[in-house]
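Trainee: Take this structure first; my questions come after.
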Amino acid sequence: MDLLDNLASTESYPDALKKYGESPKALHWTNYRSTAVRFRELVADLDVEGKTILDAGCGMGDLLPFIYARSTNFTYLGVDVTPEFISIAKKRYEGENFKVFDPFTKNSRELGNFDIVLSGGVMNANIPNWLEKRQQMIATLFDRTTEVLAFNMAGGLGPIPHSKKIAYANAQDILDFCHTLSQRVIFRSDYHPKDFTIVMFK
Numbered sequence: 131m132d133l134l135d136n137l138a139s140t141e142s143y144p145d146a147l148k149k150y151g152e153s154p155k156a157l158h159w160t161n162y163r164s165t166a167v168r169f170r171e172l173v174a175d176l177d178v179e180g181k182t183i184l185d186a187g188c189g190m191g192d193l194l195p196f197i198y199a200r201s202t203n204f205t206y207l208g209v210d211v212t213p214e215f216i217s218i219a220k221k222r223y224e225g226e227n228f229k230v231f232d233p234f235t236k237n238s239r240e241l242g243n244f245d246i247v248l249s250g251g252v253m254n255a256n257i258p259n260w261l262e263k264r265q266q267m268i269a270t271l272f273d274r275t276t277e278v279l280a281f282n283m284a285g286g287l288g289p290i291p292h293s294k295k296i297a298y299a300n301a302q303d304i305l306d307f308c309h310t311l312s313q314r315v316i317f318r319s320d321y322h323p324k325d326f327t328i329v330m331f332k
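Next comes the structure, spelled out in structure tokens:
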């Protein structure tokens, strides 16, 4: 079974889409406001001008407006394992490239390398061995970038909430692992009490 099948419960997304429509709840997010906060932080440290960008787990393409806010001169590919989301993204952003693909497997090499790899809110599901699997996912994404990987995750440095659906990460554990891959790392958790962003440079 692929890592993303374990982590994202892909079967539930089409059901959520039918129930909530084209809203953040279809992606297991709370609302537009919280999504916007996280996505702004995801790209806050990035120079996207003229870059190639992989949006890993792109959903319906909701991250794109936040990239556009920094520049419109870039080459983008959004990939997701849920075909329904990719169909919506293609209609929303006709000039951009989207593909049904799992970026968290060995097959991710087929995508090639990108200057920037982004992953917003994909690594949150509460499944067995979730910490090890998230580490594998981070390593796989970092292997796809030539410059920088940015991702965010539920959790933080303080007391960790408990949830049946979400595995809130101890941010220090994730940060320590990231430092095994790169010594050039930005960590930020001041924007939300239960979320953090990590930016890793090659």
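Residue numbers (this note's numbering): 131 to 332. Every residue gets a Cβ at the ideal spot worked out from N, C-alpha and C, and that includes glycine.
Could you check where the alpha helix (DSSP H) with S217 kicks off and where it finishes?
Mentor: By 1-based counting over the sequence shown, the position of residue 217 is 87. Segment 213-222, the alpha helix (DSSP H) holding S217.
Trainee: Quick check on E240: buried or exposed, where buried means 16 or more other Cβ atoms within 10 Å of its Cβ?
Mentor: Residue numbering aside, residue 240 sits at position 110 when the sequence shown is read from its first letter. Answer is exposed; the Cβ neighbour count stays below 16.
Trainee: Where does N259 land, buried or exposed, given buried means 16+ other C-beta within 10 angstroms?
Mentor: Here the question's residue 259 lines up with position 129 in the sequence shown. With fewer than 16 Cβ atoms within 10 Å of its Cβ, N259 is classed as exposed.
Trainee: For L338 and A174, what's the separation of their Cα atoms in angstroms?
Mentor: One cannot answer for residue 338 here, as it falls past the ends of the chain, which runs 131 to 332.
Trainee: Between L172 and G286, which are expected to be in contact by the criterion C-beta below 8 Å, what is the C-beta distance as a whole number of angstroms?
Mentor: Position 42 of the sequence shown, counting from 1, holds the residue named residue 172. Position 156 of the sequence shown, counting from 1, holds the residue named residue 286. Contact flag wrong, Cβ pair sits at about 16 Å.
Trainee: Among L194, F244, N237, I246, which residue has its Cα nearest to the Cα of E224?
Mentor: Taking the first residue of the sequence shown as position 1, residue 224 is located at position 94. Closest option to E224, Cα to Cα, is L194.
Trainee: Taking C-beta to C-beta, are A301 and S319 nearer than 9 Å?
Mentor: Position 171 of the sequence shown, counting from 1, holds the residue named residue 301. Position 189 of the sequence shown, counting from 1, holds the residue named residue 319. Closer than 9 Å, so yes.
Trainee: So which of I304, I246, M283 has the shortest CA-CA distance to E179?
Mentor: Your numbering for residue 179 matches position 49 in the sequence shown. From the listed residues I304, I246, M283, the smallest Cα separation to E179 is found for I246.
Trainee: In three-state DSSP terms, what is T270?
Mentor: Counted from its first residue, the sequence shown places residue 270 at position 140. Of the three classes helix, strand and coil, the one that applies to T270 here is helix, per DSSP.
Trainee: Is it right to say V230 is buried, meaning 16 or more other beta carbons lie within 10 angstroms of its own, or is it exposed?
Mentor: Counting from one through the sequence shown, the residue named residue 230 turns up at place 100. With fewer than 16 Cβ atoms within 10 Å of its Cβ, V230 is classed as exposed.
Trainee: Would the beta-carbon of G208 fall within 9 Å of that of F228?
Mentor: Here residue 208 corresponds to residue number 78 of the sequence shown, with the count starting at 1. Here residue 228 corresponds to residue number 98 of the sequence shown, with the count starting at 1. In this structure, F228 lies closer than 9 Å to G208 by Cβ.
Trainee: Just verifying my parser: in three-state terms, what is the DSSP assignment at D132?
Mentor: For this step, residue 132 is matched to residue 2 along the sequence shown. Unreliable placement is indicated for D132, whose pLDDT of 37 sits below 50; no coordinate value is reported for it.
Trainee: Give me whichever residues DSSP pairs with S249 in a beta bridge.
Mentor: Within the sequence shown, residue 249 is the residue found at index 119, counting from 1. The partner list for S249 (beta bridge, DSSP) reads F281.
Trainee: How about K332 and E262: do their beta carbons lie closer than 9 Å?
Mentor: For the purposes of this step, residue 332 is taken as residue 202 along the sequence shown, with counting starting at 1. For the purposes of this step, residue 262 is taken as residue 132 along the sequence shown, with counting starting at 1. No, these two residues do not count as a Cβ contact at 9 Å.
Trainee: Going by the beta-carbon positions, is the gap between K324 and A284 smaller than 9 Å?
Mentor: Against the sequence shown, residue 324 aligns to sequence position 194. Against the sequence shown, residue 284 aligns to sequence position 154. A contact, by the Cβ cut-off of 9 Å.
Trainee: Use the C-beta contact count for T212: other C-beta atoms within 10 angstroms, 16 or more gives buried, fewer gives exposed.
Mentor: Here residue 212 is taken as the residue at index 82 of the sequence shown, counted from 1. So T212 counts as buried.
Trainee: Counting along the chain, where does the beta strand (DSSP E) carrying Y205 start and finish?
Mentor: Position 75 of the sequence shown, counted from the start, is the residue given in the question as residue 205. It is worth fixing the name first, because residue 205 is Thr in this sequence and not Tyr. Counting along the chain, the beta strand (DSSP E) containing T205 begins and ends at 205-210.
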